[in-house]
Amino acid sequence: MPVVSTVDAVCWRSLYDEARQCLAGTDGVDSPDIDARRIVEAAAGAAPAEFESVLDEPATKRAAAWFYSMLERRGAGEPLQYVVGSWSFRTLDLMVDRRVLIPRPETEVVAGFAADEVANRSIAPGGDPEVIVVDLGTGSGAIALSVAAECPAARVYATDVSADALAVASANLAGLGRAAARVTLHEGDWFEALPGALQGSIDVVVSNPPYIGTGEELPAVVADWEPAVALWSGPTGREAVEQVVAGASEWLRPGGALVMEAASHRAQESATLVSSAGFEDVRVERDLAGLERVVMGRLP
Numbered sequence: 472m473p474v475v476s477t478v479d480a481v482c483w484r485s486l487y488d489e490a491r492q493c494l495a496g497t498d499g500v501d502s503p504d505i506d507a508r509r510i511v512e513a514a515a516g517a518a519p520a521e522f523e524s525v526l527d528e529p530a531t532k533r534a535a536a537w538f539y540s541m542l543e544r545r546g547a548g549e550p551l552q553y554v555v556g557s558w559s560f561r562t563l564d565l566m567v568d569r570r571v572l573i574p575r576p577e578t579e580v581v582a583g584f585a586a587d588e589v590a591n592r593s594i595a596p597g598g599d600p601e602v603i604v605v606d607l608g609t610g611s612g613a614i615a616l617s618v619a620a621e622c623p624a625a626r627v628y629a630t631d632v633s634a635d636a637l638a639v640a641s642a643n644l645a646g647l648g649r650a651a652a653r654v655t656l657h658e659g660d661w662f663e664a665l666p667g668a669l670q671g672s673i674d675v676v677v678s679n680p681p682y683i684g685t686g687e688e689l690p691a692v693v694a695d696w697e698p699a700v701a702l703w704s705g706p707t708g709r710e711a712v713e714q715v716v717a718g719a720s721e722w723l724r725p726g727g728a729l730v731m732e733a734a735s736h737r738a739q740e741s742a743t744l745v746s747s748a749g750f751e752d753v754r755v756e757r758d759l760a761g762l763e764r765v766v767m768g769r770l771p
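Each residue of the sequence shown is one higher than the last, beginning at 472 in my numbering.
In structure tokens:
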């Protein structure tokens, strides 16, 4: 890996070209141009729209050192999102690191369906001005904070069993603005983390639970870097889903909705589980890749 020059400052265009060449052909790097650009943007403190305008500016020694550090980490296989330390999710820019799952487009779809549920409830005739939402296993806070940011009627309770994950969610919550006043974070295992007074009064339960079975394989870039507690459910891959569904049937109010991310190859199986728990109007929705990904149901 190159060492930062201590002589004349180098421009960002040269560093961008160097990063592209360095990452080309690197295992796990499918888009070296994009990765190089994101690293330059992060090191230069430039927004995506400012990328072209900073290319001919000189990099300070401190910024160049950070650039080379990120380039080395990416070249060693660390996911780009962790390398640059933040990633976009719907309308938000979230801090992310190895304590939380990387926000993914399929989960953006889940958050969208949850936001739709909140919006529909708030505008319905006689609708409640406050819609109670619980995000189970919040991780970085991606779903919870998106719902709060997009839905002024949402009062969001976000839970996670990992104190490390909640530290990341707390950092993201601090940057949410006025909507942060409608979000609280709770440490604990699924519904056990919630105030008992909420039981039977929740309007929407949303979750992206672990759904990978211990015998299933994941790409190394996922298995080697992302938190195991957020990936692996147990021997069958159904354990966490079963806990979420069983708890939702007890904690939701009559007519309350469950919105849950599921493994694409077990989405129909998860939908059957939701139906068996007494939910109605159960359906499976597809993600942006066309895979069955979101399971939804409503209590009678």
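We put the CB at the ideal spot given by N, CA and C, even for glycine.
Remember, it's a predicted structure, so these values are computed and weren't measured experimentally.
Under the DSSP assignment, Phe-560 falls in the beta strand (DSSP E) whose first and last residues are 557-560.
Note: Ile-683 is bridge-paired with Trp-703 in the DSSP secondary-structure output. For Thr-655, no alpha helix (DSSP H) segment is defined; the enclosing uninterrupted segment is the beta strand (DSSP E) at 654-658. Of the residues assessed, Asn-679 falls on the buried side of the cut-off, its CB having 16 or more other CB atoms within 10 angstroms.
With at least 16 other beta carbons inside 10 angstroms of its own, Asn-643 counts as buried. As computed with DSSP, Ser-678 is found in a beta bridge with Leu-607, Met-731.
Per DSSP, the continuous alpha helix (DSSP H) segment holding Asp-504 begins and ends at 503-515.
For the 8 angstroms CB-CB criterion, Ala-520 and Phe-560 do not form a contact. In the DSSP assignment, Cys-493 forms no beta bridge with any residue.
Its chain contains Phe-560, Arg-561 as the residues whose beta carbon lies nearer than 7 angstroms to that of Glu-579, once the 5 sequence neighbours on both sides are disregarded; these appear in chain order. Counting along the chain, no beta strand (DSSP E) covers Thr-743; the unbroken alpha helix (DSSP H) around it starts and ends at 738-747. Within a 10 Å sphere around the beta-carbon of Pro-550 sit 16 or more other beta-carbons, which makes this residue buried. Secondary structure note for Val-567: it is in no alpha helix (DSSP H), with a DSSP letter that is neither H nor E. Counting C-beta pairs with one atom in each stretch, the stretch 523-536 and the stretch 587-600 have fewer than three that are closer than 8 angstroms, which means they do not touch. Shown here, Leu-486 sits in a helix according to DSSP, grouped into three states. Pro-725 sits in a strand when the DSSP states are folded into three classes.
Taking the CA atoms as reference points, Trp-483 sits about 17 angstroms from Glu-543. Residue burial is scored here from C-beta neighbours: Arg-653 has at least 16 other C-beta atoms within 10 angstroms and is therefore classed as buried.
Nearest C-alpha to Ala-514 among Asp-501, Glu-740, Glu-528: Glu-528. Straight across, the Cα-Cα distance linking Ile-510 with Asp-599 is about 45 angstroms. By the neighbour-count criterion, in which a residue is buried when 16 or more other Cβ atoms sit within 10 angstroms of its Cβ, Gln-739 is exposed.
In this structure the stretch 633-650 lies against the stretch 616-625, because at least three pairs of beta carbons, one per stretch, are closer than 8 angstroms.
With respect to Ala-742, Val-755 sits close: the two C-beta atoms are nearer than 8 angstroms. Sixteen is the threshold: when 16 or more other Cβ atoms of the shown chains lie within 10 Å of the Cβ of Pro-681, as they do, the residue is buried.
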